[in-house]
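I have placed the structure first, in the form of structure tokens, so that the comments after it can refer back to it.
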Amino acid sequence: MTKEQVQEWITEPARQTPVRYEYDVVVAGGGTAGVCAAIASARLGAETILVERYAFCGGNATLYLPLLGFLDQQGNEVIKGIGKEIVDRVIELGGCVGHGRDPLHVSYAPIDPEIYKRVVIEMLEEAGVHVLLHSLVVGARTDGGRVTHLLIENKSGRSAVAGKWFIDATGDGDLAVFAGAPWEKGNAHGKMQPATLMFRMGGVDLKETRLAIAAQPERYGSDLMPPEHFVKNSSFIVVGMRQALEDAKREGRFSLHNNRVIFITQPREGEVAVNMTRVLMDATDADDLSRAEMQSRKDVWEVERFLREYIPGFQNAYVIDTAHRLGIRETRRIMGEYVLTADDIMQSRRFEDCIAVASYPIDLHDPSGPDCTLQHPQDTYDIPYRCLIVREMKNLLVVGRCISATHEALAAVRVMPTGMALGHAGGAAAAIAEKRGLGDVREVDVAELRNTLLAQGARL
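Residue numbers (our numbering): 124 to 583.
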């Protein structure tokens, strides 16, 4: 029986749920945004708990994805504050070679996921955050436009977390939706950007790959990047090699819905992270998500075969591991006091209540095909505090991928460095609301919030 065929419902018996935790600030989701939110809140004196569904924190930064758009168009750091602290510590431990310039993505920084996990746990502990792992957000209790409790389930059973201020950093806006917040999903037709299962390969002779790019750019070249870049640099992103891919398709050796080869060199020699699986689905639908995860893990091996057969330097390469889950580009967008638009980004619009600055372009993966379009603003753009304030809710903020934005604008602000800045701002705002004894996140003095962020090293 499929979910569409279900015609029977059951009534569960009433039960009492224990309130196991009580904190000033409750952060749901321990990805890049949630980690920064929790650290920011705790550093400002708020008793803070971070609830995460997996066995570690770090989110998409643990999926072998590089940090994109950490620098601005002039090569200056646009993401600073807590996000910069995290990356600097990862660099010190040898988990990142630093930020490289890239005409497609503005900048990129490959990171070692294990070192990243180590750094964020250390920083959370140093800040005094209570980290609760293996805990899934399953509901919320509200009263008069306020979230009073976060409902979670884990090995201890079902329980509640009481709080004064709540931050949704789940990516999918789970807490906000459980609380009854308004939301949207997808483009005008309800279609969302595809997801990707990243994986790592070792045993790659990158010297041979670089020489092939330089010698045959028409076959192995990368979009917008001159061949000499690959001769001079050992760290790089390849987005292209279209002729090799077309040959494989014509010869019946590649069938996936993709038109570009994409891989990123890793901090360790001879390793790359591959971004070539592509699956259309709704990650808020359990059946759809399960299908996509299973299909993507099969697709990894078709990509591996293609790379070994068609790309110089990959002849003896092998799969090291696959990411623990799909990388999701888009699901719900929680509607806030302001909805960020593509025009705001392309016009590099400035806002008086700016709490984060970003540089990443509108990177829109076609929800119905293999194409991807990038629109680059001429300068950085602001993200206002109002994008974090959830309509109809008094004590709930959203940070990361689920902030208030249009489908097109989300394609720009969804990346991890921007999420770090948004998390930093959300955590600071919640802590200020608690410190000042406020009754609504709208009452936070934006000037005080901005000064607090600047004092903590953020760029505004």
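Backbone N, C-alpha and C fix where the C-beta goes; we use that ideal spot for every residue, glycine too.
1. In whole angstroms, give me the CA-to-CA distance for residue 117 and residue 423.
2. Are the beta-carbon atoms belonging to residue 557 and residue 287 less than 8 Å from one another?
3. Which runs of the beta strand (DSSP E), 3 residues or longer, sit entirely within the segment 511–563?
4. Over the uninterrupted alpha helix (DSSP H) stretch that includes residue 362, give me the two end residues.
5. Assign residue 132 to one of three DSSP states: helix, strand, or coil.
6. Straight-line CA distance for residue 78 to residue 501?
7. Nearest-angstrom Cα distance between residue 462 and residue 507?
8. For residue 367, which of 332, 297 and 351 has the nearest alpha-carbon?
9. Among the candidates 539, 569, 567 and 549, whose CA atom is the shortest distance from the CA of residue 239?
10. Name the one or two DSSP bridge partners that residue 322 has.
11. Enumerate, from N- to C-terminal direction, the unbroken beta strand (DSSP E) stretches of 3 or more residues contained entirely within the segment 443–513.
12. Taking the alpha-carbon positions, what's the residue 120 to residue 390 distance?
13. What ranges does the alpha helix (DSSP H) occupy inside the segment 332–420, keeping only unbroken runs of at least 4 residues that lie completely in it?
14. Under a Cβ-count criterion, where at least 16 other Cβ atoms within 10 Å of its own Cβ denotes burial, should residue 453 be classed as buried or exposed?
15. Just to check my reading of the structure: residue 296 and residue 509 have Cβ atoms closer than 8 Å, yes? What is that Cβ distance to the nearest angstrom?
16. CB-CB under 7 Å to residue 567, same chain, minus the five flanking residues each way: which ones, in chain order?
17. How many whole angstroms separate the CB atoms of residue 490 and residue 309, which I take to be in contact at a CB cut-off of 8 Å?
18. If you run the structure through DSSP and keep just helix, strand and coil, what is residue 159?
19. Please determine if the segment 133–146 and the segment 514–531 are in contact, where contact requires at least 3 C-beta pairs separated by less than 8 Å.
20. What's the C-alpha gap between residue 459 and residue 385?
21. What whole-angstrom Cβ distance do residue 200 and residue 582 have, given they're in contact under 8 Å?
22. DSSP three-state label for residue 428, please.
23. Can you give the Cα-Cα distance for residue 580 and residue 205, rounded to whole angstroms?
24. Return helix, strand or coil for residue 568, following the three-state DSSP convention.
25. Could you work out which residue in 226, 277 and 228 is closest to residue 175 when comparing CA atoms only?
26. Which same chain residues, not among the five before or five after residue 244, have their C-beta less than 8 Å away from its C-beta?
27. Which of the three DSSP states is assigned to residue 184 in this structure?
28. Going by DSSP, what residues sit across from residue 145 in a beta bridge?
29. Find out if the Cβ-Cβ distance for the pair residue 532, residue 464 is shorter than 8 Å.
30. Residue 345 and residue 363: beta carbons closer than 8 Å?
31. Leaving out the 5 sequence neighbours to the left and right, which residues in its chain are closer than 6 Å to residue 148 when beta-carbon positions are compared?
32. On the DSSP bridge assignment, give the partners of residue 657 in chain order.
33. Go to residue 314, then tell me how far its alpha helix (DSSP H) extends in each direction, as first and last residue.
34. DSSP puts residue 264 in a beta bridge; with which residues?
35. Going by C-alpha distance, which of 440, 474 and 495 is nearest residue 323?
36. When you compare only the Cα positions, how much space is there between residue 478 and residue 418?
Taking the coordinates as given:
1. As displayed, the chain neither begins before 124 nor continues past 583, which places residue 117 out of reach and without an answer.
2. As a first step, residue 557 is located in the sequence shown; it is residue number 434 there, counting from the start. As a first step, residue 287 is located in the sequence shown; it is residue number 164 there, counting from the start. It is a contact, given that the beta carbons lie within the stated cut-off.
3. Here the runs fully enclosed are 519–521.
4. For this step, residue 362 is matched to residue 239 along the sequence shown. It is not in any alpha helix (DSSP H) - residue 362 instead sits in the beta strand (DSSP E) that spans 360–363.
5. Sequence index remark: in the sequence shown, residue 132 carries index 9 (1-based). Per DSSP, reduced to three states, the secondary structure at residue 132 is coil, with no helix or strand assignment.
6. Past the edges of the chain, shown from 124 to 583, lies residue 78, and the structure says nothing about it.
7. On the sequence shown, residue 462 is found 339 positions in, with the first residue counted as 1. On the sequence shown, residue 507 is found 384 positions in, with the first residue counted as 1. Using only the alpha carbons, I get a separation of about 9 Å.
8. Translated into positions along the sequence shown, residue 367 becomes position 244. Comparing Cα-Cα distances from residue 367 to each of 332, 297 and 351, the minimum goes to 332.
9. What you label residue 239 is simply residue 116 of the sequence shown in a count that begins at 1. Nearest neighbour of residue 239 by Cα position, chosen from 539, 569, 567 and 549, turns out to be 539.
10. Against the sequence shown, residue 322 aligns to sequence position 199. The beta-bridge partner set that DSSP reports for residue 322 consists of 397 and 445.
11. Here the runs fully enclosed are 455–457, 477–481, 485–488, 495–498 and 504–507.
12. Residue 120 lies beyond the stretch modelled for the chain, which goes from 124 to 583, so this question has no answer here.
13. Runs found: 340–343, 350–355 and 365–373.
14. One-based indexing of the sequence shown puts residue 453 at position 330. With 16 or more Cβ atoms within 10 Å of its Cβ, residue 453 is classed as buried.
15. As a position in the sequence shown, residue 296 is number 173, starting the count at 1. As a position in the sequence shown, residue 509 is number 386, starting the count at 1. Going by Cβ atoms, the distance from residue 296 to residue 509 rounds to 16 Å, so no, they are not a contact pair.
16. Position 444 of the sequence shown holds residue 567. For residue 567, where only same-chain residues beyond five positions count, the Cβ hits under 7 Å are 552, 555, 556 and 561.
17. To locate residue 490, count along the sequence shown from 1; it is residue 367. To locate residue 309, count along the sequence shown from 1; it is residue 186. Between residue 490 and residue 309, the beta carbon gap of about 7 Å places them in contact (Cβ cut-off 8 Å).
18. Here residue 159 corresponds to residue number 36 of the sequence shown, with the count starting at 1. For residue 159, the secondary structure class from DSSP, reduced to helix, strand or coil, is helix.
19. The segment 133–146, when compared against the segment 514–531, does not touch it at the 8 Å Cβ threshold.
20. One-based indexing of the sequence shown puts residue 459 at position 336. One-based indexing of the sequence shown puts residue 385 at position 262. The C-alpha of residue 459 lies about 35 Å from the C-alpha of residue 385.
21. By one-based count along the sequence shown, residue 200 stands at place 77. By one-based count along the sequence shown, residue 582 stands at place 459. Rounded to whole angstroms, the Cβ separation of residue 200 and residue 582 is 7 Å, and the two are in contact under 8 Å.
22. Against the sequence shown, residue 428 aligns to sequence position 305. Three-state DSSP puts residue 428 in a helix.
23. For the purposes of this step, residue 580 is taken as residue 457 along the sequence shown, with counting starting at 1. For the purposes of this step, residue 205 is taken as residue 82 along the sequence shown, with counting starting at 1. Their Cα atoms are separated by approximately 8 Å.
24. In the sequence shown, the residue the question calls residue 568 occupies position 445. Secondary structure of residue 568 (DSSP, three-state): coil.
25. On the sequence shown, residue 175 is found 52 positions in, with the first residue counted as 1. Of the listed residues, the one whose Cα sits closest to residue 175 is 277.
26. Translated into positions along the sequence shown, residue 244 becomes position 121. Around residue 244: 179, 180 and 254.
27. Within the sequence shown, the letter at position 61 stands for residue 184. Helix.
28. For this step, residue 145 is matched to residue 22 along the sequence shown. Looking at the DSSP assignment, residue 145 forms a beta bridge with 285.
29. On the sequence shown, position 409 is the one that residue 532 refers to. On the sequence shown, position 341 is the one that residue 464 refers to. Against a cut-off of 8 Å, the Cβ pair of residue 464 and residue 532 comes out as a contact.
30. For the purposes of this step, residue 345 is identified with residue 222 of the sequence shown, where counting begins at 1. For the purposes of this step, residue 363 is identified with residue 240 of the sequence shown, where counting begins at 1. Closer than 8 Å, so yes.
31. For the purposes of this step, residue 148 is taken as residue 25 along the sequence shown, with counting starting at 1. Cβ within range, chain order: 164, 169, 171, 288 and 553.
32. This structure gives no information on residue 657, because the portion of the chain shown stretches from 124 to 583.
33. Translated into the one-based positions of the sequence shown, residue 314 becomes position 191. Here residue 314 belongs to no alpha helix (DSSP H), and DSSP marks it neither H nor E.
34. Position 141 of the sequence shown, counting from 1, holds the residue named residue 264. In the DSSP output, where bridge partners are listed per residue, residue 264 has 272.
35. On the sequence shown, position 200 is the one that residue 323 refers to. Comparing Cα-Cα distances from residue 323 to each of 440, 474 and 495, the minimum goes to 440.
36. For this step, residue 478 is matched to residue 355 along the sequence shown. For this step, residue 418 is matched to residue 295 along the sequence shown. When rounded, the separation of the alpha-carbon atoms in residue 478 and residue 418 is 39 Å.
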